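Student: Chains as they are written, first to last, in my numbering: chain A, -18 to 416; chain B, 62 to 492.
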């Protein structure tokens, strides 16, 4: 990986050359994502980057779509918590023309009012699609309620109400503020060398305004972790199984606890041989999948567990999962489990870095999260050096099975009676389509 | 051990593929790719849900789950443990025409993959406990992907409505009652019938020495006897002469539509033309149906289309998520109009060129890593008996003409050949 920093006009430029395929991938991160959505205007940054893609330079939306499709190229735009992403892909022979179109999207988006209004209507329709997918519903409600008021709890795609609150003048102002060279991470991967990447990188930013990068939205000074267990039933009719999301706020990726938390995540729910998969799926046949995930972000984010048991065993599956989580926090890992997790992660590194695009993704994520260059690769050595005592101390201090939010997407009448034992004053039932 | 080189194909400077055949009929497809210190080891069996019978649907997929269990030489759970201890991972998939198993490992672990895969081709043991636990997992998978999933539900209904006798009419995952009732003895019989070297293809792509890999595979599989593989019977699917439509009430926010037209199988020259038509209509934001349904009329939140790569005639599908208050019939009319336009009006040269660039991009994107390359090679070898058809189909796509499009649109995409299923919101759902 070649880092050019500062790159053209203060942007960060990353290049990962690999010439075995006639393809080039471009990824541009505009730092500061949905965590910086204005209060009550969830979906703001997603709307901003999507709207920028709907007409730019001399081309209205259809002309821009056609110009890209004619090249066989794609440019997809979305916002995640910490950045807006513009990801392009094309045949090497079309790179020059693709870069010209992306430069237009960055510097001269039309931001037309009719497209703005159309996009809001389209985003509302997309919310209906999410409501039709139970696993996405579980995640959406979990994000919202894990730590009320947390910037990472803002829904990326917005809500009916927040979409209505997006104002075009605010979008235009935000675009002028955030799409400046110093706020950009530009990455090229594939059939491109360093000189060409530098040339194209310069072209991408040459028409952007001279301005300093805006301050990052605060994500560390966050509301405290809610105490006690909370149960949220998302009531949807005619469900045969339940989608469960269980978890709490965890340390920041990149903190001192990182190697230990990754090992806990791996052994508890990050492999097929992990504890969750073995107990829930292999021994009992209760769920097709059972895993856990620690969110890698710029600030503290969630540690969450997911499974989908049939209605008849939902209560038993939830009870077992919570008991296993308690045991993990209290007793940690065994020496054998730790050694196994370390071996798996060391061997698995080659897959995470197998293609130019994956290596570029990793480098951009590191940069967005304000991590040191090469942080992810260096982690392998750190994880190999972690002791059992360190891992288990981290389990005790960073995992909080007594303070979890349990989201259950199911038919409430079918699961509520059997879930009495996790119910508390904080138990809540909501219709699946109200958010 | 004896083997012979059976076929060779090169593409550019980075891809050379060779197929060898052992005396027992096992086919071995090898391609060295040193771009990363890993490899993908895939075993494709030419058995899928088309080889099942009514009342025992889901057998091929259920068995796929059981292949990760105990063998005479490897205790229960050890297969996954050995793979993950090396940093690798594995998975499997079953579809209409095939079942395949993928193991991805660091380069130094080729012997492990060869040992584990050759062992389970022959020595799997099926305990009652294992079968019963896995039955629960498969039922849970079905609930998640079909019964509680609107797309999976409609997919299943569309196939059932479109096919009257062909096994493509039943779901690969199987009907819930059949999954519940599959017997261990019948499962064992299925294994002995179809899991044999002359019904299998081993595909290895990645950081390998081709000669060493070939020798290791020949040593491990060479003495596994061939079996008498029953040929799937020819199925006479009656010709459709009227449109078919079924509607269902489900807890969805707005109507959902799935439309199918039977088009020729992957080996037929018209398959590539049908694939091309799916791109014209649904691939990319400037595609015709996307513009019409999502952008211009705002009738839908999404539209998707595609033709599955099956051996026999398969259902070309359009999938439309309607906006609240809009009717599926409106979308059907719009689809009909676009198909009729393709049958009657020339496609501009620029639009043809656009699709060809997009197809080329997709081709290379699917070949980005070892798993993708091996999956493509294995699919064509298992479905059509020749991995090099992967490249032949890509060439056909690059040569599609306006005449081809008009002819295929006028032949297969007629209103009387349409099958459609619609999900409507339950009473009390938002409108």
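Idealized CB from N, CA, C, for every residue including glycine. These numbers come from a predicted model, not from an experiment.
1) Which residues bound the beta strand (DSSP E) around residue 248(A)?
2) Looking at residue 149(A) and residue 27(A), is the spacing between their C-beta atoms short of 8 angstroms?
3) Using a C-beta to C-beta distance shorter than 7 angstroms, which residues of chain A count as neighbours of residue 312(B)?
4) Going by the C-beta, is residue 386(A) closer than 7 angstroms to any heavy atom of the ligand SAM?
5) For residue 336(A), return the contacting residues in chain B, with the cut-off set at a CB-CB distance below 8 angstroms.
6) Buried or exposed: residue 411(B), going by 16 or more other Cβ atoms within 10 Å of its Cβ?
7) Please go through the same chain and pick out, in chain order, the residues whose beta-carbon is closer than 6 angstroms to the beta-carbon of residue 493(B), but skip the five residues on each side of it.
8) Quick check: the Cα distance between residue 64(B) and residue 298(B), rounded to an integer number of angstroms?
9) Run through DSSP, which three-state label would residue 131(B) get?
10) List the residues that DSSP assigns as beta-bridge partners of residue 171(A).
11) Against residue 198(B), what residues of chain A qualify as contacts under a CB-to-CB distance less than 7 angstroms, listed in chain order?
12) Could you please tell me which residues of the stretch 107 to 126 of chain A, in chain order, have their CB closer than 7 angstroms to any CB of chain B?
13) From the DSSP secondary-structure annotation, give me the bridge partner or partners of residue -7(A).
14) Check the C-beta distance from residue 250(A) over to residue 148(B) and give it rounded, since I have them as a contact under 8 angstroms.
15) So who's on the other strand from residue 287(A), going by DSSP bridges?
16) Pull up the CB-CB distance for residue 46(A) and residue 347(B), whole angstroms please, since I reckon it's below 8 angstroms.
17) Could you work out which residues of chain B lie near residue 348(A), taking near to mean beta carbons separated by less than 8 angstroms?
18) Identify, in the order they occur along the chain, each residue of the same chain with its Cβ nearer than 6 angstroms to the Cβ of residue 154(A), setting aside the five sequence neighbours on each side.
19) Mind pulling the chain A residues with CB within less than 8 angstroms of residue 414(B)?
20) Would DSSP call residue 75(A) helix, strand or coil?
21) Using a 10 Å radius around the Cβ and a threshold of 16 neighbouring Cβ atoms, would you call residue 303(B) buried or exposed?
22) Between which two residues does the alpha helix (DSSP H) carrying residue 474(B) extend?
23) Quick one: what's got a C-beta closer than 8 angstroms to residue 257(A)'s C-beta in the same chain, skipping five residues either side?
24) Taking 8 angstroms as the cut-off, decide whether the C-beta atoms of residue 158(B) and residue 109(B) are in contact.
25) If we ignore side chains and look at the alpha-carbon of each, how far apart do residue 76(B) and residue 210(A) end up?
26) Identify the contact partners of residue 385(B) in chain A, using a Cβ-Cβ distance below 8 angstroms as the criterion.
27) Taking a contact to mean a Cβ-Cβ separation below 8 angstroms, would you say residue 345(A) touches residue 166(A) in this structure?
28) Chain A partners of residue 315(B), CB-CB under 7 angstroms?
29) Who are the Cβ neighbours of residue 476(B) in its own chain at under 8 angstroms, not counting the five residues just before and after it?
30) Between residue 200(A) and residue 207(A), what straight-line distance do the alpha-carbon atoms span, to the nearest angstrom?
31) So within the stretch 252 to 302 of chain B, which uninterrupted alpha helix (DSSP H) runs reach at least 4 residues, ignoring any that extend past its ends?
32) Find the residues of chain A that neighbour residue 411(B), judging by a C-beta separation of less than 7 angstroms, and give them in chain order.
33) Do you know how far the Cα of residue 22(A) is from the Cα of residue 442(A)?
34) Give a yes or no on whether the minimum CB-CB distance between residue 204(B) and chain A is below 8 angstroms.
35) Would residue 209(B) be called buried (16 or more neighbouring beta carbons within 10 Å of its own) or exposed?
36) Could you tell me which chain B residues have their CB closer than 7 angstroms to the CB of residue 24(A), listed as they occur along the chain?
Tutor: Reading from the atomic positions:
1) Locating residue 248(A) in the first chain gives position 267, where the first residue counts as 1. Careful: residue 248(A) lies outside any beta strand (DSSP E), inside the alpha helix (DSSP H) at 239 to 250.
2) Within the first chain, numbered from 1, the residue matching residue 27(A) stands at position 46. Within the first chain, numbered from 1, the residue matching residue 149(A) stands at position 168. Contact annotation: residue 27(A) and residue 149(A) have beta-carbon atoms that are not nearer than 8 angstroms.
3) Residue mapping note: residue 312(B) aligns to position 251 of the second chain, counting from 1. The answer, in chain order, is 217, 218, 219.
4) This structure simply doesn't include the ligand SAM, nor any ligand for that matter.
5) For the purposes of this step, residue 336(A) is identified with residue 355 of the first chain, where counting begins at 1. What residue 336(A) touches in chain B: 96, 97, 429, 430.
6) The count along the second chain starts at 1 and reaches residue 411(B) at position 350. With fewer than 16 other Cβ atoms from the protein chains shown falling within 10 Å of its own Cβ, residue 411(B) counts as exposed.
7) Because chain B spans 62 through 492 in this model, residue 493(B) falls outside it and cannot be assessed.
8) Numbered from 1 along the second chain, position 3 holds the residue referred to as residue 64(B). Numbered from 1 along the second chain, position 237 holds the residue referred to as residue 298(B). C-alpha of residue 64(B) to C-alpha of residue 298(B): approximately 39 angstroms in a straight line.
9) As a first step, residue 131(B) must be located in the second chain, where it is residue number 70. Correct three-state label for residue 131(B): coil.
10) What you label residue 171(A) is simply residue 190 of the first chain in a count that begins at 1. Residue 171(A) is bridged to -2(A), 5(A).
11) Here residue 198(B) corresponds to residue number 137 of the second chain, with the count starting at 1. The contacting residues are 262, 266, 269.
12) Going along the stretch 107 to 126 of chain A in chain order, one finds 107, 109, 110, 112, 113, 115 with a Cβ nearer than 7 angstroms to chain B.
13) The count along the first chain starts at 1 and reaches residue -7(A) at position 12. In the DSSP output, where bridge partners are listed per residue, residue -7(A) has 166(A).
14) Stepping through the first chain from its first residue, residue 250(A) is reached at position 269. Stepping through the second chain from its first residue, residue 148(B) is reached at position 87. Contact between residue 250(A) and residue 148(B) is ruled out by a C-beta separation of about 17 angstroms, above the 8 angstroms threshold.
15) Taking the first chain and counting its residues from 1, one reaches residue 287(A) at position 306. DSSP output for residue 287(A) lists 226(A), 272(A) as bridge partner(s).
16) As a first step, residue 46(A) is located in the first chain; it is residue number 65 there, counting from the start. As a first step, residue 347(B) is located in the second chain; it is residue number 286 there, counting from the start. At roughly 4 angstroms, the Cβ-Cβ gap stays under 8 angstroms, so residue 46(A) and residue 347(B) are in contact.
17) For the purposes of this step, residue 348(A) is taken as the residue at position 367 of the first chain. Per Cβ cutoff of 8 angstroms: no residues; residue 348(A) is ~23 angstroms from chain B at best.
18) Looking up residue 154(A) in the first chain gives position 173. Closer than 6 angstroms at Cβ, skipping near neighbours: no residue.
19) As a position in the second chain, residue 414(B) is number 353, starting the count at 1. The contacting residues are 51.
20) Here residue 75(A) corresponds to residue number 94 of the first chain, with the count starting at 1. Correct three-state label for residue 75(A): helix.
21) Locating residue 303(B) in the second chain gives position 242, where the first residue counts as 1. By the neighbour-count rule (16 or more Cβ atoms within 10 Å), residue 303(B) is not buried but exposed.
22) In the second chain, the residue the question calls residue 474(B) occupies position 413. The continuous stretches of alpha helix (DSSP H) do not include residue 474(B), and DSSP gives it neither H nor E.
23) By one-based count along the first chain, residue 257(A) stands at place 276. Hits under 8 angstroms: 249, 250, 271, 272, 273, 286, 288, 302, 305.
24) The residue given as residue 158(B) occupies position 97 in the second chain. The residue given as residue 109(B) occupies position 48 in the second chain. Yes, the Cβ-Cβ distance between residue 158(B) and residue 109(B) is below 8 angstroms.
25) By 1-based counting over the second chain, the position of residue 76(B) is 15. By 1-based counting over the first chain, the position of residue 210(A) is 229. One C-alpha to the other measures close to 55 angstroms.
26) Position 324 of the second chain, counted from the first residue, corresponds to residue 385(B). In chain order: 106, 109.
27) By 1-based counting over the first chain, the position of residue 345(A) is 364. By 1-based counting over the first chain, the position of residue 166(A) is 185. It is a contact, given that the beta carbons lie within the stated cut-off.
28) In the second chain, the residue the question calls residue 315(B) occupies position 254. Below the 7 angstroms Cβ cutoff, chain A contributes 109 as neighbours of residue 315(B), in chain order.
29) Here residue 476(B) refers to the residue found at position 415 of the second chain. The residues are 304, 397.
30) Residue 200(A) sits at position 219 when you count from the first residue of the first chain. Residue 207(A) sits at position 226 when you count from the first residue of the first chain. Distance between the alpha carbons of residue 200(A) and residue 207(A) is about 17 angstroms.
31) Within the stretch 252 to 302 of chain B, the complete alpha helix (DSSP H) runs of at least 4 residues are 271 to 282.
32) To locate residue 411(B), count along the second chain from 1; it is residue 350. Among the residues of chain A, those whose CB is under 7 angstroms from the CB of residue 411(B) are 51, following chain order.
33) There is no way to answer for residue 442(A), as the model of chain A reaches only from -18 to 416.
34) Walking along the second chain from the start, residue 204(B) turns up at place 143. By this cut-off, residue 204(B) is an interface position.
35) Start at 1 with the first residue of the second chain, and residue 209(B) comes out as number 148. It is buried - the Cβ of residue 209(B) has at least 16 other Cβ atoms within 10 Å.
36) Here the question's residue 24(A) lines up with position 43 in the first chain. Going along chain B, no residue has its Cβ under 7 angstroms from residue 24(A), so there is no contact; the nearest lies around 15 angstroms.
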